[in-house]
Structures are given as structure tokens and as C-alpha cells.
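Let me begin by presenting the structure, written as C-alpha cells, before commenting on it.
Number of protein chains: 2
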Amino acid sequence: MPATDELSRVFSALADPTRRDILTRLSHGPISVGELAAPYPISRPAVSQHLGVLESAGLVERTVDAQWRQCSICEEGLDDASAWIAERKAEWNERFDLLEERIREKRRQGEAR
Amino acid sequence: MPATDELSRVFSALADPTRRDILTRLSHGPISVGELAAPYPISRPAVSQHLGVLESAGLVERTVDAQWRQCSICEEGLDDASAWIAERKAEWNERFDLLEERIREKRRQGEAR
DNA sequence: TCCGTATGTAAGGAATTGCTTACACACTAA
DNA sequence: TTAGTGTGTAAGCAATTCCTTACATACGGA
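Going down the list, the protein sequences come from chains A and B.
Just so we're aligned: 26 in the working numbering is position 26 of the first sequence, and the numbers increase by one with no gaps anywhere.
Count along the second sequence from 1, add 1000, and you get the number used in the working numbering.
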């Protein structure tokens, strides 16, 4: 998946446990790349690359502070993904409600016989 | 991304425009693989493989009907992904509310001076 | 039985991903 | 200036993804 469009980039970024964990940890406040990388069994460059993915998906921001980078979440980064899922769920529920309605309808017709 | 865990498989499945489009079209009701594949510029096996990805992510179901497969959505397939995003958004909003609170607090202290 | 239709699976290739190590850069402090 | 710290980038490699074409399978009908 070349992840050319915005939504694909976001979902693709979320499709990795380490990156999801990074987002969860950043929920509690901004931290530096070093602190962020510490608990993971992978190298620091690998974490830096994960941050690059999150950044280009619009989920994370790195602000330069001397030789440190403070990483923080982009509040609105999940909005599109969230909206897409919500739309699908709404349609699906609608559909299943309709289905149930039809089943009820049938049952009523059966009872009427 | 080897996509070993459930959530990764779901997000990974959503990280492709064709697969998202398939899900959207299936929202309007089950259709066969052939109908599903028709509008796309890719081969039918490619669509079949996309369906495999969606299926093993628990988003789509294929039921055998003679030599046809009726594809339909799995209603609860998006629940985990939806919940994960909702949690993050909740934490983020909480955090930003806190931040705003602090800014207001500071402003009040400034005014008091 | 033989053929056409609907679909999945196998094999293979180009592009992408996720990791590594090595290096480069920017800044701080001695 | 020199050394040390924090971080990004480059290069390279194995695994994965997404596509293709070719083939296999299963069913319905003449």
C-alpha cells in the first residue's frame, strides 16, 4: 500500500502496535524522542522513523528545542479516520435495523395467517 | 508490518482505498465478488485477495452460494478500532481541556495582579 | 458428460516497510 | 576548540504487500 491519500496514511500509521503505543503514551503529555524510545526493544533510529510515519500522517508533531525534539499529538489528526469509521458503523447499523424490521414484518405476517 | 494482532490487522485492512471502497459499497447490502470487482481497474484475483484481507481482519464475510460468494459486512468488525480511536480522542480532549484550564487559570492570575 | 461461469490459489515480480548500523548535524559545556 | 549528547538521515537487507497471469476447483445446464 503506497498510502498516497490522507486517510490511507492515517490508517496505515495506526496499523502498527509500536506506533499506537507511542500515540497512547503521548496522550499523557509531550515527551522527547529519547524518553519515547527508551521502553522499546528497537533502536532509536527505528523509533525516529516511526515518528516520521506518524508525523506525515498528521498524528504527531515534533517541535525543535535545542538538540531535543518534543513530541506531541496533533489533536485533530484522528478526526477523518474517526469520521470514516463512524459513517460506516452508522450505515451498517441502519442496514441491520432495516433487516430486523423486515424480519419483524415477516413474523407479523406469519402470525396474521 | 506483519499485522499479528487483531487491531493491527483491522487498521492495516483499512489502509487501502480499494478496501475502504469495498466496505462502503457493502454497506448498502451484500453482493457477489463479481459485482464487487466490476468497477475496479484491477484484476478479479486482486479483488479476491483484498477480500481475503478484509475477511481475516473480521470486517467481511463470504458465504458460499453454489459457485457464487455473497460478500457481506461483519457488523461488529469495526468495534475495536472504533473504541481505540475513541479512547485516544477522549484522552487528547481531556488533555487539551486541562491545557486550556491552565491557560485560563494563568489569565485569571494575571488579571488578579 | 462436457462446457461455461464464478471464484480461489499459486507463482512471481516490483515497490514498500521495518529494522539495523554507520554517519551527519546541531547544540551545550568544559 | 573539543568532546559529549540528542536526534535525523543514508544505505542495505529481509519480509511483506499488491499486483499480474496461469491454473485449479466447484457448480449448473445442455
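We put the beta carbon where it would ideally sit given N, CA and C, even for glycine.
Check residue i in the structure and name its three-state DSSP category.
| i | result |
| --- | --- |
| residue 1027 of chain B | coil |
| residue 1018 of chain B | helix |
| residue 37 of chain A | helix |
| residue 113 of chain A | Reliability of the predicted coordinates at residue 113 of chain A is poor, the pLDDT of 45 falling under 50, and the value obtained from them is presented with this limitation in mind. Coil at residue 113 of chain A, not helix or strand. |
| residue 1072 of chain B | strand |
| residue 115 of chain A | With chain A covering only 1 through 113, there is no way to say anything about residue 115 of chain A. |
| residue 1032 of chain B | strand |
Where does residue i land, buried or exposed, given buried means 16+ other C-beta within 10 angstroms?
| i | result |
| --- | --- |
| residue 64 of chain A | exposed |
| residue 1077 of chain B | buried |
| residue 42 of chain A | exposed |
| residue 1010 of chain B | buried |
| residue 948 of chain B | With chain B covering only 1001 through 1113, there is no way to say anything about residue 948 of chain B. |
| residue 8 of chain A | buried |
| residue 1059 of chain B | buried |
| residue 1051 of chain B | buried |
| residue 12 of chain A | buried |
| residue 1005 of chain B | exposed |
| residue 1104 of chain B | exposed |
| residue 20 of chain A | buried |
| residue 1057 of chain B | buried |
| residue 97 of chain A | exposed |
| residue 1002 of chain B | For residue 1002 of chain B, the predicted structure reports a pLDDT of 46, less than 50, and the residue's modelled location is therefore unreliable. A value from the coordinates is still provided. Residue 1002 of chain B comes out exposed. |
| residue 1093 of chain B | exposed |
Just to confirm, is the Cβ distance from residue i to residue j under 7 angstroms?
| i | j | result |
| --- | --- | --- |
| residue 88 of chain A | residue 1036 of chain B | no |
| residue 1069 of chain B | residue 1047 of chain B | no |
| residue 91 of chain A | residue 1027 of chain B | yes |
| residue 82 of chain A | residue 1085 of chain B | yes |
| residue 1030 of chain B | residue 1071 of chain B | yes |
**OP:** Could you list the residues in the segment 1027 to 1052 of chain B with a C-beta less than 8 angstroms from some C-beta on chain A, going in chain order?
**Re:** 1027, 1028, 1029
Original post:
Any residues in the segment 1070 to 1082 of chain B with a beta carbon nearer than 7 angstroms to a beta carbon of chain A? Which ones, in chain order?
Top reply: 1073, 1075, 1078, 1081, 1082
Original post:
What residues from the segment 1088 to 1103 of chain B come within 7 angstroms of chain A, judged by C-beta to C-beta, listed N to C?
Top reply: 1088, 1089, 1091, 1092, 1095, 1096
Original post:
When Cβ atoms are compared, which residues of the segment 1006 to 1017 of chain B fall closer than 9 angstroms to chain A?
Top reply: 1007, 1008, 1009, 1010, 1011, 1012, 1013, 1014, 1015, 1016, 1017
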